[in-house]
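Quick note: the sequence shown uses our numbering, first residue 8, plus one each step. Data block below; observations after.
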Amino acid sequence: MKIRTLKLLVKEGTNNVVKNKLMSFASIMTVVATLFFLGIILLIAINITTNIEAMKRDLKITVFLNIDVSPFHREEVISFIEEKKEAGVISEYTIVSKEQMYEDMKEILNNDALLKGFTVDNMAESFEIKVTDPNNSDELIEQISEFKG
C-alpha cells in the first residue's frame, strides 16, 4: 500500500467521522458497551473457575465413628487410613477426639441453652481427611463406609 493511498484513507475517514458525529459516537459506544460486557462475563467465568479449583484443593472428608465404636473397629479404620496415606491417596488426616468435638460444638453454637443435654459422651470421634486427588474422593468414601463402627 502506498503512503499516498494511506493518507487518503485517513483523510476520508476523519472527514466522515466529523460529518457524521452522531453515527460515529453511536458506533464507538456500541463497541465500548460490547467490550465492557464481554469483560464482565470473562471476569465472572475466571472467578468461578478459580473458586472451584480452590474448593478442590481444600476438599476435606470428615469420617465420623459411631459413639459406641469398639477399639478394634477404631484401629481398623485408622490402619486403613494410614495405608491409604502411604499409598498416596490421602495427603493428610487429623483425628478429632470426643473432647475436641465437644469444644468445637461449644464454639460453633456459642449458646448454653443449645448445649443443654450435650456432653462429651454424646460426641463421636472423627477423622478429617484431605485427599490428594479430589476426583477419587467418591471411591475413598465408599471404601471407608464399608467399615463397621
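Beta carbons are placed, not taken as given, at the ideal position from N, Cα and C, and that holds for glycine. Every value quoted in this text rests on a predicted model; they were computed, and no experiment measured them.
CB-CB under 6 Å to residue i, same chain, minus the five flanking residues each way: which ones, in chain order?
{"i": "Ile74", "result": "Ala131"}
{"i": "Lys91", "result": "Ile97"}
Where does residue i land, buried or exposed, given buried means 16+ other C-beta within 10 angstroms?
{"i": "Ile10", "result": "exposed"}
{"i": "Leu15", "result": "exposed"}
{"i": "Ile97", "result": "buried"}
{"i": "Gly72", "result": "Note that residue 72 corresponds to Leu in the displayed sequence, not to Gly. Classification for Leu72: buried."}
{"i": "Ile136", "result": "buried"}
{"i": "Ile88", "result": "buried"}
{"i": "Leu147", "result": "buried"}
Start and end of the beta strand (DSSP E) containing residue i?
{"i": "Lys123", "result": "Counting along the chain, Lys123 falls outside any beta strand (DSSP E), and DSSP gives it neither H nor E."}
Would you mind giving the Cβ-Cβ distance between residue i and residue j, rounded to the nearest angstrom? I have them listed as a contact below 8 Å.
{"i": "His80", "j": "Phe154", "result": "7 Å"}
{"i": "Gly95", "j": "Thr126", "result": "Rounded, the Cβ-Cβ distance is 39 Å, inconsistent with contact."}
{"i": "Ile151", "j": "Val70", "result": "6 Å"}
Going along the chain, which residues of its own chain have a beta-carbon closer than 8 Å to the beta-carbon of residue i, five neighbours each way excluded?
{"i": "Lys113", "result": "Leu122"}
_For a minimum of 3 consecutive residues, which ranges assigned as the beta strand (DSSP E) are wholly contained in the segment 79-146?_
Counting whole runs of 3 or more residues, the segment 79-146 contains the beta strand (DSSP E) stretches 97-103, 133-138.
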